[in-house]
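S.K.:
In UniProt numbering, the protein residues as written are 1 to 269.
1) Quick check: the stretch 44–59 against the stretch 11–26, are there 3 or more CB pairs under 8 Å?
2) By the DSSP assignment, the alpha helix (DSSP H) with residue 59 in it spans what residues?
3) Determine the contact status of residue 162 and residue 125, defining contact as a CB-CB distance below 7 Å.
4) Going straight from the alpha carbon of residue 80 to that of residue 94, what length do you get?
5) Which word fits residue 178, buried or exposed, when buried means at least 16 other C-beta atoms lie within 10 angstroms of its C-beta?
6) Does the Cβ of residue 12 have 16 or more other Cβ atoms within 10 Å, making it buried, or fewer, making it exposed?
7) Based on DSSP bridge pairs, tell me the residues matched to residue 271.
8) What residue from 92, 39, 49 and 114 has the CA that sits closest to residue 1's CA?
9) Helix, strand or coil for residue 88 per DSSP?
10) Identify whether residue 160 lies in helix, strand or coil by the three-state DSSP scheme.
11) Buried or exposed: where does residue 99 fall if 16 or more other Cβ atoms within 10 Å of its Cβ makes it buried?
12) Using only the alpha-carbon positions, how far apart do residue 143 and residue 128 sit?
13) What residue range does the alpha helix (DSSP H) around residue 140 cover?
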């Protein structure tokens with residue numbers, strides 16, 4: 001069991017997918033082994049000591065995947081590290097991961113918690129799926145090929161929909177960008193949620209352009225929805241072009257649905 005519970009195993013930037021085999025189980029064929037899950041430890045940055053609880057950690061982990069049956073939550077996961085809490089999940093490798101979650105700490109406080117996936121070499125920053133880079137993302141490349149016909153701008157299909165900190169903890173906003181950046185992020189975690197959102201917008205645009213009006217915010221939301229709509233239209237056109245690609249297209253469409261849900265965002269309480 002050591003090999004199973006100490007996942008993920010890697011060689012360079014590649015990861016191995018493992019599945020338990022019982023030599024005495026006679027009714028299972030080789031086709032029954034899917035190799036579609038992986039156990040991965042997630043570090044969660046941005047949670048102050050005074051807000052850390054096992055229930056909060058469990059809620060965050062459940063929003064990403066299934067809590068590992070081999071790694072029950074304990075106190076050391078909560079308080080052993082100053083900068084982060086951590087836990088292990090069993091994750092479906094075909095599904096998009098999450099790069100951060102909006103956490104409601106208490107009645108009058110909220111903030112972003114940033115996720116880092118230990119020992120995972122590659123996570124696509126466009127679709128959020130593990131084991132390939134954005135340069136080899138089939139979803140994004142299919143849209144790039146037809147973007148002129150779809151009238152989709154490069155800004156609408158940014159290669160960085162997800163944070164690069166998912167595989168590089170040094171890029172987590174609370175750990176980089178200078179003391180001002182870190183202090184601003186830290187302060188925004190312990191104030192009224194509405195004010196926290198305004199501060200988050202200002203932090204992401206330090207020149208002051210982050211002070212968005214409601215109309216500007218609505219325009220940006222509409223642009224994201226328009227981009228997703230055009231991408232979905234492209235997927236539908238591709239579906240009718242070649243029936244031999246149906247399986248691949250179904251995977252692409254499912255991944256786009258995940259991206260759409262994650263762009264809308266979910267809060268963890």
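Glycine included, each C-beta is placed from N, C-alpha and C at the ideal position. Owing to the predicted nature of the structure, the values given are computational and were not obtained by experimental measurement.
M.R.: Reading it off the structure:
1) In short, these stretches do not touch, since the Cβ pair count stays below three.
2) Counting along the chain, the alpha helix (DSSP H) containing residue 59 begins and ends at 54–64.
3) Yes. Within cutoff.
4) Between the alpha carbons of residue 80 and residue 94 lies a gap of roughly 32 Å.
5) Any reading at residue 178 needs caution, since the residue's pLDDT is 39, under 50, leaving its predicted position unreliable; the model's value is listed next. By the 10 Å Cβ count, residue 178 comes out exposed.
6) With a 10 Å radius around the Cβ and a threshold of 16 neighbouring Cβ atoms, residue 12 comes out exposed.
7) Shown here, the chain extends from 1 to 269; a query on residue 271 therefore has no answer.
8) Minimum Cα distance to residue 1 is reached at 39.
9) Strand.
10) Taken through DSSP and simplified to helix, strand or coil, residue 160 comes out as coil.
11) Buried, because 16 or more other Cβ atoms sit within 10 Å of the Cβ of residue 99.
12) If I take the Cα positions, the gap works out to 16 Å.
13) Unbroken alpha helix (DSSP H) run through residue 140: 138–145.
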